[in-house]
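In our numbering, the protein residues as written are 95 to 265.
One structure is given here, and the rest of the page talks about it.
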Amino acid sequence: MYAVVGCSNCQALWIVEDRPETTSCPRCGQRHEFERLKQFVRTESQDEAREVRAAMLASAQDRADAYEDLDSVGVMAEQIDSVGVDDEAYLSEHGLDPDAIEAAGTSQNRGPSSQRDRILDAIDTLDEPTETAVVEYASERGVPPDRVRSALEKLAREGTIVQDETGYRRL
Numbered sequence: 095m096y097a098v099v100g101c102s103n104c105q106a107l108w109i110v111e112d113r114p115e116t117t118s119c120p121r122c123g124q125r126h127e128f129e130r131l132k133q134f135v136r137t138e139s140q141d142e143a144r145e146v147r148a149a150m151l152a153s154a155q156d157r158a159d160a161y162e163d164l165d166s167v168g169v170m171a172e173q174i175d176s177v178g179v180d181d182e183a184y185l186s187e188h189g190l191d192p193d194a195i196e197a198a199g200t201s202q203n204r205g206p207s208s209q210r211d212r213i214l215d216a217i218d219t220l221d222e223p224t225e226t227a228v229v230e231y232a233s234e235r236g237v238p239p240d241r242v243r244s245a246l247e248k249l250a251r252e253g254t255i256v257q258d259e260t261g262y263r264r265l
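Have a look at this one:
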């Protein structure tokens, strides 16, 4: 069972499946008791609920006549895959190898990606994570030494790490 419901706070419309105790508005985040929400329609079919919601949105924007000229929401959803350029063609047109990009995206040996992650990885990995050792480790992985030093200070200020006589430690 699907219901098209409306938010009393921002007038957003959305579809709710079954009968939850509460639901949150996708636009403003307001939490509502399901029983207290205005239910515009209840239907067995999700496609039917989508059609009603789309028609209500079009009507609210004074575009009901334009909505009438469109295919159903279900038909448009099926057509979306055949419209436009697929990822492989797009990448090839821009001089990129789709297979190489796919392989890079699924690589299992990827390490931490952000500079912050690489600095924290240095602290976790090194036996004695002194400032010099952390700077060297992170620099080998593409983080500028000045950035490492300033990040260490910031991480210490925010309480993510502490520095003692043996070096840095994560909390």
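For every residue, glycine included, the Cβ atom is placed at its ideal position computed from N, Cα and C.
Predicted model only: the values in this text are computed from it and were never measured.
Out of the options, state which residue places its alpha-carbon closest to the alpha-carbon of residue i.
i	options	result
Arg144	Arg264, Leu107, Ala216	Leu107
Pro267	Gln209, Leu246, Gly100, Ile217	This structure gives no information on residue 267, because the portion of the chain shown stretches from 95 to 265.
Arg251	Gly178, Arg264, Glu127	Arg264
Gln209	Leu249, Asp141, Gly123	Leu249
Gly168	Leu151, Asp141, Gly178, Asp180	Asp141
Gly123	Phe134, Ala198, Gln105, Gly253	Gln105
Gly266	Met170, Ser207, Glu111	Residue 266 lies beyond the range of the chain shown here (95 to 265); nothing can be said about it.
Just the C-alpha distance for residue i and residue j, rounded to the nearest angstrom, thanks.
i	j	result
Leu185	Glu234	31 Å
Ala216	Asp240	15 Å
His126	Met95	18 Å
Gln257	Arg130	54 Å
Ala227	Arg243	11 Å
Ile255	Glu225	12 Å
Arg212	Gly261	17 Å
Phe128	Asn103	14 Å
Val135	Glu172	24 Å
Asp175	Thr137	27 Å
Val98	Ala194	44 Å
Val110	Met150	16 Å
Asp191	Asp180	14 Å
With a 10 Å radius around its C-beta and 16 neighbouring C-beta atoms as the bar for buried, classify residue i as buried or exposed.
i	result
Gln202	With a pLDDT of only 49 at Gln202, under the threshold of 50, the placement of this residue in the model should not be trusted; the figure read from the coordinates follows. The residue is exposed, with fewer than 16 neighbouring Cβ atoms inside 10 Å.
His188	exposed
Pro223	buried
Thr117	buried
Ala245	buried
Leu164	exposed
Ala158	exposed
Leu214	buried
Arg147	buried
Ala160	exposed
Val229	buried
Ala232	buried
Val177	exposed
Does residue i come within less than 8 Å of chain C when only Cβ atoms are used?
i	result
Leu107	The chain inventory of the structure shown lacks chain C, comprising one protein chain alone.
Quiz prompt | Every unbroken beta strand (DSSP E) inside the region 207-262 [3 residues or more] | solution = If we require 3 residues or more, the beta strand (DSSP E) runs fully inside the region 207-262 come out as 255-258.
Quiz prompt | Inside the region 99-156 only - alpha helix (DSSP H) runs reaching at least 4 residues | solution = For the region 99-156, the full-length alpha helix (DSSP H) segments reaching 4 residues or more read 140-154 along the chain.
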